[in-house]
Each structure stands twice: as structure tokens, then as C-alpha cells.
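Colleague:
Numbering (our numbering), first residue to last: 28 to 226.
(1) Do the region 141-160 and the region 64-77 touch if we need at least three Cβ pairs shorter than 8 Å?
(2) Using the three-state DSSP reduction, which class does residue 132 fall into: helix, strand or coil?
(3) Answer yes if the region 83-97 comes into contact with the region 124-142, meaning at least three C-beta pairs across the two stretches below 8 Å, and no otherwise.
(4) Using 8 Å as the Cβ pair cut-off and three pairs as the minimum, do the region 202-210 and the region 112-124 touch?
(5) Quick one: complete alpha helix (DSSP H) runs, 4+ long, within the region 115-173?
(6) I need the DSSP call for residue 210, collapsed to helix, strand or coil.
(7) Alpha carbon to alpha carbon, how far is residue 81 from residue 166?
(8) Report buried or exposed for residue 46, applying the criterion of at least 16 other Cβ atoms within 10 angstroms of its Cβ.
(9) If we ignore side chains and look at the alpha-carbon of each, how far apart do residue 220 and residue 175 end up?
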């Protein structure tokens with residue numbers, strides 16, 4: 028579980044940061060910047076995560092000319108893949124803020140970046156919270172796919188224990204229960220926050 032949580036935390040930090048940048052690029056008035064970001068998002072939203080993990084596992088060493096660990100390639104794959112999904116959540120949150128708020132900020136003499144940071148994003152974040160939490164649950168579940176590059180995460184350890192002990196049903200039920208409890212608990216929190224924000 029330690030590796031799973033490490034992958035979850037690091038990939039969430041990286042994916043949300045990347046998603047924020049992609050969302051800003053998609054909202055840019057510059058056609059090239061907006062098109063590039065849209066193409067990136069559409070690419071990663073149409074391929075399976077397991078394929079992305081394989082891409083980065085075999086592609087990164089070719090690009091940089093030296094081998095990288097399975098953990099690094101899996102983490103990069105999760106960040107680049109999930110960043111596309113987080114960008115849509117963040118972009119939708121920003122677009123949910125009335126355009127008049129941005130115009131009012133500019134009218135006070137603030138620069139566009141300051142308006143975004145001080146006025147738009149704080150309001151947009153409220154709309155983003157449920158979506159961010161839901162996507163975070165998906166990332167947690169997706170970390171189980173890193174077994175394809177040989178990482179010993181929670182799921183891989185479960186398989187090893189099940190095969191070694193012969194108690195396959197009990198071990199897999201425990202694994203399923205663990206994923207269910209953590210995922211369901213997070214979804215309950217997400218729904219609670221959504222109800223609070225909609226009041």
C-alpha cells in the first residue's frame with residue numbers, strides 16, 4: 028500500500044499542476060496555444076491508461092538515451108494521462124465563473140494574471156472540488172495498473188500473497204474490500220462537499 032499511496036500523492040500533485048497549465052492554455056486567445064492544448068487533451072482522453080504506461084516505459088529511455096526506473100515511467104505516465112482529465116475539470120470550473128467577474132477585475136486596474144489568481148480561481152475552485160475528488164478516486168484505482176511494468180503495488184502484492192498462501196478467495200476479497208472502503212469513503216466526502224457548495 029505504501030507504493031500505491033506514494034504514486035497516488037505524487038501523480039495527483041503533478042497531474043493537477045499540469046491540468047491547471049493545460050486549462051489555461053485551452054482558454055488562451057492564442058489559436059496555436061489553445062489548439063495544442065486541445066490536441067493533447069483529446070489524445071490522452073482517447074487512449075487507455077495501460078497503453079500510456081507502456082508508451083512512457085519504453086519511450087522515455089529512447090528519448091533521453093538512458094534507462095529509467097519503472098516507478099519513474101509509471102509516475103510520468105499517470106501525470107501526463109490524468110493531467111488531461113484534470114484540465115477539463117479545471118477549465119469547466121473557470122468557465123463557470125461569470126465573465127463579468129473577470130471584466131470587473133480588469134476595470135479595477137488589475138493585470139489579467141492577478142484577476143485570475145485573486146478573483147476567478149478562488150470562485151472556480153468551489154465548483155471544481157467535487158470533480159477533483161471524483162477524479163482523484165479514479166487515479167487511486169488506476170494505480171493498480173502499474174503492475175504491467177513490474178512495480179510491486181498493493182494489487183501486485185495481493186496477487187503474490189494469494190498465490191503463495193493458496194487462500195485466493197480471502198485475499199482477493201480483502202483487496203476488493205480495501206479498494207471499496209477507500210473509494211466509497213472518498214466518494215461520500217465528494218458528495219457531501221457538493222451538497223454543501225450547492226446550498
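Glycine residues also receive a C-beta, built at the ideal position from the N, C-alpha and C atoms. Here the structure is a predicted model, which is why all the values come from computation and not from measurement.
Modeller: The short version:
(1) Touching, no.
(2) Helix at residue 132.
(3) Between the region 124-142 and the region 83-97, the count of Cβ pairs shorter than 8 Å is below three; the stretches do not touch.
(4) No, because fewer than three Cβ pairs between the region 202-210 and the region 112-124 fall closer than 8 Å, the two stretches do not touch.
(5) The qualifying runs are 126-134, 139-142 and 148-169.
(6) Helix, per DSSP.
(7) For residue 81 and residue 166, the distance between alpha carbons rounds to 17 Å.
(8) It is buried - the Cβ of residue 46 has at least 16 other Cβ atoms within 10 Å.
(9) Using only the alpha carbons, I get a separation of about 35 Å.
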